[in-house]
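For reference, the structure discussed in these notes is given below.
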Amino acid sequence: MEPVRLKADESPLLSQSLTAEGRLGAGLGLKAEHLDAILALPVTDKTCAGSHLWFEVHTENYFVAGGPRLNYLRAIRENYDLSFHGVGGSLGYDHQSMPEHIKQVKVLIDEFQPALVSEHAVWSRSGGAYFADLMPLPRTHDALQSLVEGIDRYQTGIERRILIENPSNYLDFTSEMDEPQFLVDAANRSGCGLLIDINNLYISSKNTGIDAVEYLSQIPADLVGEIHIAGHDPDPELGEALLIDSHASAVDLPVWALLEHALSLFGHKPVLVERDANIPAFAELMSECQIAQGYLKQIRSNAA
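Mapping the sequence shown onto numbering that gives the first Met the number 0, position 149 (from 1) lands on 148, and the numbers just tick up by one.
Written out as structure tokens, the structure reads:
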């Protein structure tokens with residue numbers, strides 16, 4: 000099946016920006032433990048036009064009708080840009096269950112107007128049953144077609160372009176194409192963009208032998224709308240022979256180095272520091288965020 004690069008004038012969706020117009024710098028995942036600390040931060044510009052800090056939320060955590068969770072998010076949104084990052088869309092398979100899910104995402108998007116919306120290029124449903132995991136797709140032409148259809152349904156339903164994230168790989172398997180080609184073809188045919196998770200890529204390189212530098216060289220910079228970095232841990236039994244995408248520790252030095260290389264290729268892109276377990280004090284995460292912001296400042300300085 001021949002990939003087709005869609006043009007921005009073919010659909011109103013495709014005229015939408017995927018990069019938040021470059022106004023976002025380094026951001027953090029929004030955690031309940033840090034809400035009061037965030038709200039206590041001094042904010043001089045409530046439009047965030049002069050501030051690099053932004054927050055990303057897992058959209059499904061806000062599928063509620065009301066209450067303190069939404070009220071806190073509204074308070075955060077008054078001062079900071081948000082990014083919505085979905086974990087339950089199952090773009091790659093079993094699309095019959097998507098309409099109700101998409102409807103709830105759309106309600107949140109309409110209220111909060113996030114700067115970016117993203118999902119994972121994976122599958123997590125089969126036969127109507129949901130698996131609480133982000134499972135990589137087989138990189139076949141049939142799976143690519145299914146992913147493109149899922150992205151199209153999602154984007155049409157929420158009336159927004161999205162970014163799709165590369166998976167963490169724990170096993171190598173026979174494929175009809177490599178992962179960069181698979182993701183780029185999906186983006187070209189659906190009109191979506193890419194969220195490059197540097198930690199996922201590093202884990203995949205160690206677990207399956209992917210050449211991370213070569214991988215990044217195959218990704219067009221104009222498709223990249225966001226970058227993630229996070230910590231990982233060795234498997235309890237296999238150790239460093241199998242790295243786990245735990246998001247439970249600080250960003251490792253090789254991931255920082257790979258981020259620096261990615262930014263040298265892609266230019267200034269929003270960078271998110273993720274932490275989903277072993278949540279430290281807010282100040283500790285802000286320190287990592289400031290390191291990421293330092294890399295972004297250097298990229299802008301080099302481009303000036």
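Cβ atoms here follow ideal geometry from the backbone N, Cα and C, with glycine treated the same way.
Same chain only: Cβ atoms within 7 Å of Gly91, ignoring 5 sequence neighbours per side
Ala120, Val121, Trp122, Leu136, Ala142, Ser145, Leu146 and Gly149
With C-beta atoms as the reference, is Leu262 less than 8 Å away from Tyr214?
no
Compare the Cα-Cα distances from Tyr71 to each of Gly85, Val56 and Pro219 and report the closest residue.
Val56
Nearest neighbour of Ile218, chosen from Ala276, Cys288, Asn206 and Gly192 [CA to CA]
Gly192
Between the CA atoms of Pro67 and Val212 - distance to the nearest angstrom
44 Å
Please confirm whether Gly230 and Asp251 have their CB atoms less than 8 Å apart.
Yes, the Cβ-Cβ distance between Gly230 and Asp251 is below 8 Å.
Helix, strand or coil at Ala25 [DSSP, three-state]:
Under the three-state reduction of DSSP, Ala25 is assigned to strand.
Are there 16 or more other CB atoms within 10 angstroms of the CB of Leu222, so buried, or fewer, so exposed?
buried
Identify the continuous alpha helix (DSSP H) that holds Leu262 and give its terminal residues.
Leu252 to Phe265
Measuring only the C-alpha atoms, how far is Ile209 from Gly65?
44 Å
Cβ-Cβ distance between Val272 and Asn198 below 8 Å:
no
Ile101 and Gly190 - do their beta-carbons sit closer together than 8 Å?
no
Just list the beta strand (DSSP E) runs in the stretch 189 to 237, keeping only unbroken ones of 3 residues or longer that don't cross its boundaries, in chain order.
192 to 196, 223 to 228 and 232 to 234
Spatial neighbours of Gln103 in its chain, beta-carbon cut-off 7 Å, leaving aside the 5 residues before and after:
If we look at Gln103 and ignore the five residues flanking it on each side, its Cβ neighbours are Phe62.
Mind reading off the beta-carbon distance from Met97 to Gly88? Whole number of angstroms is fine, and I expect it under 8 Å.
7 Å
Buried/exposed call for Ser204, threshold 16 Cβ in 10 Å
buried
What is the C-beta distance between Leu27 and Cys288, in whole angstroms, given that I count them as a contact (C-beta under 8 Å)?
Contact annotation, Leu27 with Cys288: C-beta distance approximately 5 Å; criterion of less than 8 Å satisfied.
Look at the alpha carbon of Met285 and the alpha carbon of Leu52, and state the distance between them as a whole number of angstroms.
10 Å
In the structure shown, what three-state DSSP assignment does Val86 receive?
coil
Short of 7 Å in beta carbon distance, which residues of its chain neighbour Glu32, apart from the five on each side in sequence? Order them along the chain.
Only Ile278 meet the Cβ criterion.
Proximity winner among Ala25, Lys296, Leu162 and Leu241, relative to Leu115 (alpha-carbon distances)
Leu162
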